[in-house]
Amino acid sequence: MKNHNKITAKRPGEDPNLDQTVLSRLAALKAMSVKELKTEWEKLIGTSAPNNSRAFLELRIAYRLQELTYGGPDRETRRMLDFLADEVEGHARRKHQIADPRNPVTGTKLLREWDGQEHTVTVLKDGFDWQGRKFKSLSAVAREITGTRWNGYRFFGLRERKREEA
Numbered sequence: 003m004k005n006h007n008k009i010t011a012k013r014p015g016e017d018p019n020l021d022q023t024v025l026s027r028l029a030a031l032k033a034m035s036v037k038e039l040k041t042e043w044e045k046l047i048g049t050s051a052p053n054n055s056r057a058f059l060e061l062r063i064a065y066r067l068q069e070l071t072y073g074g075p076d077r078e079t080r081r082m083l084d085f086l087a088d089e090v091e092g093h094a095r096r097k098h099q100i101a102d103p104r105n106p107v108t109g110t111k112l113l114r115e116w117d118g119q120e121h122t123v124t125v126l127k128d129g130f131d132w133q134g135r136k137f138k139s140l141s142a143v144a145r146e147i148t149g150t151r152w153n154g155y156r157f158f159g160l161r162e163r164k165r166e167e168a
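Here the numbering used here is used: the first residue of the sequence shown is 3, the next is one more, and so on.
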């Protein structure tokens with residue numbers, strides 16, 4: 003058997019002593035001065051603090067403490083966040099749309115009745131078709147249909163099932 007020397011981070015609640023240590027360190031942040039928070043920032047993050055905002059420093063340091071103790075997001079989550087950031091910033095570094103696991107198979111027809119009218123949306127490889135118009139997201143389609151902001155997956159009944167239901 004091959005030994006990969008991989009350290010598996012504990013999850014919150016698995017080790018009460020570790021949890022207490024993390025909680026103590028988080029509580030200590032409230033008592034620190036901004037100067038002390040900036041020193042803690044440099045120690046944990048390895049760069050100089052970007053500003054003097056107490057709230058920002060506390061939140062980011064608290065996140066970093068927990069990330070170092072319990073582990074950060076998995077590779078797939080980091081990848082999805084990078085894609086979303088690219089999309090928000092308007093970068094075209096990626097070649098494919100984000101593959102949302104809630105998306106049905108290409109060609110699927112989604113039906114939804116709204117205000118007594120039935121609406122049909124066709125799932126495309128890179129978006130959605132409604133009334134001959136192409137949309138990047140189901141939320142955009144739902145907004146067009148209703149005139150208000152909706153989570154498109156919720157509007158069309160495609161929410162992920164809870165684990166207990168699976």
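A virtual CB, placed ideally from N, CA and C, is assigned to each residue, including glycine. None of the values given here were measured: they were computed from a predicted structure.
Am I right that residue 72 and residue 14 are in contact with their C-beta atoms under 8 Å? What's the rounded C-beta distance? The residue given as residue 72 occupies position 70 in the sequence shown. The residue given as residue 14 occupies position 12 in the sequence shown. Residue 72 to residue 14, Cβ: 6 Å. Contact.
Look up residue 116 in the DSSP assignment and give the residues it is bridged to. Position 114 of the sequence shown holds residue 116. For residue 116, which the question treats as bridged, DSSP gives the partners 119.
Does the separation of the CB atoms of residue 117 and residue 123 fall below 9 Å? Here the question's residue 117 lines up with position 115 in the sequence shown. Here the question's residue 123 lines up with position 121 in the sequence shown. Contact check for residue 117 against residue 123 fails: the beta carbons are separated by 9 Å or more.
Suppose only complete runs of 4+ residues qualify. What are the alpha helix (DSSP H) ranges in the region 130 to 166, listed by chain order? Runs of the alpha helix (DSSP H) inside the region 130 to 166: 140 to 148 and 154 to 157.
Between the Cα of residue 2 and the Cα atoms of 60, 23 and 25, which residue gives the shortest distance? Nothing can be reported for residue 2, as the shown portion of the chain is limited to 3 through 168.
Rounded to a whole number of angstroms, what is the C-alpha to C-alpha distance between residue 110 and residue 129? As a position in the sequence shown, residue 110 is number 108, starting the count at 1. As a position in the sequence shown, residue 129 is number 127, starting the count at 1. Approximately 12 Å between the Cα atoms of the pair.
What are the boundary residues of the alpha helix (DSSP H) that residue 24 is part of? Here residue 24 is taken as the residue at index 22 of the sequence shown, counted from 1. Note, residue 24: alpha helix (DSSP H), 18 to 33.
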